[in-house]
Each structure stands twice: as C-alpha cells, then as structure tokens.
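Okay, so here's the structure we're looking at.
Quick look at the structure:
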C-alpha cells in the first residue's frame, strides 16, 4: 500500500501516525524525580527500509545511489529535515515533532548478528536478545524487568508487563507476569501472517498445515473469503485498507499507553504488529 513512491511501506506511515499515539497517553510526570518510567516496545514484523524512513540527504552521492526512491528536501513530497545531514520520511510528522522537542531519538543503521535468510529466526533473535534463534523462550524486555525488580526499582507484586495483540510478543514473555490485551477487531490475516502460521503448523501440526495450505490456495483463486476480507467498523461502511490499519494500530497503541499510565499499571509493554 503506497501513498507515494517515496513512502516505502505502510510501516513508515504507521510509525508516523499511529505508533507515537501511545506517547500522548503517558503522564508527563514520567520523567520526574523519584518516579519509575514506562516503556512500550513496538515490534514491526514486516519490514522497514531504514533509508526510506531516515534518509542521509546531506550525502552528495545519496540521490545518484538511491535513484528515484531517494527522499529529497525538494522532492514532490519534501522530506522533513532533522539536521543538516538526515531527513525524515514526510509520513512521520509526529516523530519529527518529538525529535525536535528532544523527546525522541533515532538509532540508525543497526542490526542483530543474525545473517541467515529466515524471517522468523531473525525475529526470534531480535526479540530474545540472544545471538541465535531458539536459544530461549523468554524475551530481553521481560528479563530486563526481572533485573529491575532484583535491584528494588520495580515493585515485584502483580503484573508488571503487558503484551498487546493476538499473541503475546516474545520480547515480553518470561518469568515476570505478563498481562495480555487483544484488540476487539483484529485485522484479517495478511500474507505474512498466513506464511508464519503455515510455518508454525508445518513444525507442530502437519495436518493443520495441510488444511491451511489448501485454504490459502482456495482463497488465492477467489473461491473463499475471509482471510483478506476487509473488516467493517460497526455499521459504518468498510474503511479503506490503510485507514483500517491505522485505526487498528491507534486503538492498540492507545490502549497500551492508557494501561501503562496507571499508577498501578504495568511498567513495560510490547505491541507486535504485522
């Protein structure tokens, strides 16, 4: 879903319009002395072109190397300057505002040590925080929370973490208790979700894998609906795909922010998004 050839993917659009929605739900006292802060980690499971999100427009070779995909300050949809060298994708005005206010940072050109070709193993490494896939069934965020508890900085009673989504993200799974919240209107399963489910079933339940694969083949022929059908919002007309995705994401991020803002709420949260 491209709004413009320079807007690389829906993930960047979501980062600009929805991902930062949770921040508005956070209490401004979060940085006050003596108050423990909150943290919401958003895992985008598809793909994000870093150069399509934050472009080195100050590099003299940028335009020639990137070609017609290059974000430019004087382009048809001008990039948002961050400093004299980097500029932000124009679909991210909220991130630009927070960056200029000193409330956001961008860590560019970083990666895990994983160099193989499995998308799912790569996600496992990213969320577990370990150098190889399958090394642990806990995530780095949950382990960090346990470390804060042992240091006396987080009350060890009750749930201190929340996972938002149909499945609790690995990054927040572990020994520390985790609450879960699932948006009422889930998005239909896209191609990436279907592929991940098929991969899971092939390793755990071959019969289900065969049934799912047959269902996917039927859907690809137009013989069955449901997996990619748009979801109506109540009695209103079906929203356009991008609007529906943004509304879903804003709802999930906003709910996570409100729960984290409670004095008796969780200290950390994770939101996985396909």
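Residue numbers (the numbering used here): 97 to 370.
By construction, the Cβ of each residue, glycine as well, lies at the ideal position given by its N, Cα and C atoms.
Residue i by DSSP, collapsed to three states: which one?
i: residue 332; result: Only weak support is given to the placement of residue 332: the predicted model assigns it a pLDDT of 46, under 50, and the value that follows is read from those uncertain coordinates. In this structure, residue 332 counts as coil in the three-state DSSP scheme.
i: residue 177; result: strand
i: residue 258; result: strand
i: residue 206; result: coil
i: residue 188; result: coil
i: residue 146; result: helix
i: residue 366; result: strand
i: residue 268; result: helix
i: residue 126; result: Note that residue 126 has pLDDT 42, beneath the 50 cutoff, so the model's placement of it is unreliable and the number below is only indicative. Helix.
i: residue 200; result: coil
i: residue 137; result: strand
i: residue 166; result: coil
i: residue 214; result: coil
i: residue 232; result: coil
i: residue 151; result: strand
i: residue 306; result: helix
Give me the Cβ distance between residue i and residue j, rounded to the nearest whole Å; I'm assuming they're in contact under 8 Å.
i: residue 271; j: residue 232; result: Between residue 232 and residue 271 the Cβ distance is about 11 Å, and since that is not below 8 Å, they are no contact.
i: residue 350; j: residue 136; result: Not confirmed; about 11 Å, so no contact.
i: residue 290; j: residue 312; result: 6 Å
i: residue 202; j: residue 367; result: Contact flag wrong, Cβ pair sits at about 19 Å.
Thinking just about the alpha-carbon of each residue, which of the options is nearest to the one in residue i?
i: residue 151; options: 134, 268, 192, 140; result: 192
i: residue 206; options: 279, 146, 307, 310; result: 146
i: residue 286; options: 243, 360, 341, 217; result: 341
i: residue 278; options: 167, 261, 306; result: 261
i: residue 365; options: 294, 223, 309, 344; result: 223
i: residue 276; options: 197, 165, 175, 348; result: 348
i: residue 240; options: 273, 211, 213; result: 273
Is the CB-CB distance between residue i and residue j below 7 Å?
i: residue 258; j: residue 140; result: no
i: residue 217; j: residue 209; result: no
i: residue 256; j: residue 133; result: no
i: residue 185; j: residue 149; result: yes
i: residue 238; j: residue 268; result: yes
i: residue 187; j: residue 194; result: no
Are the C-beta of residue i and some C-beta of chain D separated by less than 7 Å?
i: residue 293; result: You won't find chain D in this structure, because it holds only one protein chain.
Give a single yes or no on whether residue i has its beta carbon closer than 6 Å to a heavy atom of the ligand FAD.
i: residue 343; result: Ligands displayed in this structure: none; no statement on the ligand FAD is therefore possible.
If you pair each beta-carbon of the segment 176–184 with each one of the segment 150–163, do three or more pairs fall below 8 Å? Yes, since at least three Cβ pairs between the segment 176–184 and the segment 150–163 fall closer than 8 Å, the two stretches touch.
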